[in-house]
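One rule links them: number in my numbering = place in the sequence shown (from 1) + 4.
Beta carbons are placed, not taken as given, at the ideal position from N, Cα and C, and that holds for glycine.
Being a predicted model, the structure only gives us computed values, none of them experimental.
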Amino acid sequence: MGQSGKVIFKQYNQDQAYLLPPSIEEMIEENHPVRVINSVIEKINIEPLEKQYKGGGASSYSPRMLLKVLVYSYLRNIYSSRKMEEMTKENIHMMWLSGMSKPDHHTINRFRSERLKEVLREIFSQVVTMLVEA
């Protein structure tokens, strides 16, 4: 309570209009682990992973983005593809990391069980090597 005994609340207005909408980039702390994951995955060679894709048909989500989603989820102890899908829609860090992409749980699960399975050791080896060098 204030000195006069009257309770004072901070302003709360859900309908507050912004002149410009806030950038998600500005909302991610500089030292947040999601930035480290982004930086590391951006630097590794994912060509072996990209070779898992065949041409033609509908466009596919970026394997680099899906890899980032998986790594960040695992870091947060989230292993369910349904929870990962939910995070891409509700978690600001995951929204930033995925570039506002919203892969469904089938896509995430197929990525890790079919495409990543063959090249995981190679990708992981690159990450470990990079971390050792750093």
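Item, Value
"Taking the alpha-carbon positions, what's the N113 to K14 distance?", "43 Å"
"Only counting runs of 3 or more residues, tell me where the beta strand (DSSP E) segments fall wholly within the stretch 8 to 83, in order along the chain.", "none"
"Looking at C-alpha atoms only, which residue of V136, T92, V131 is the closest neighbour of I41?", "V131"
"Let's see if you can read the secondary structure: which residues bound the alpha helix (DSSP H) around K87?", "85 to 94"
"With M134 as the anchor, note down where its alpha helix (DSSP H) starts and where it stops.", "124 to 137"
"So, under 8 Å CB-CB, I50 and L71 are touching, yes? Tell me the CB distance rounded to an integer number of Å.", "7 Å"
"Residues in the same chain with beta-carbon distance under 8 Å from E126, minus the five sequence neighbours each way, listed in chain order, please.", "P52"
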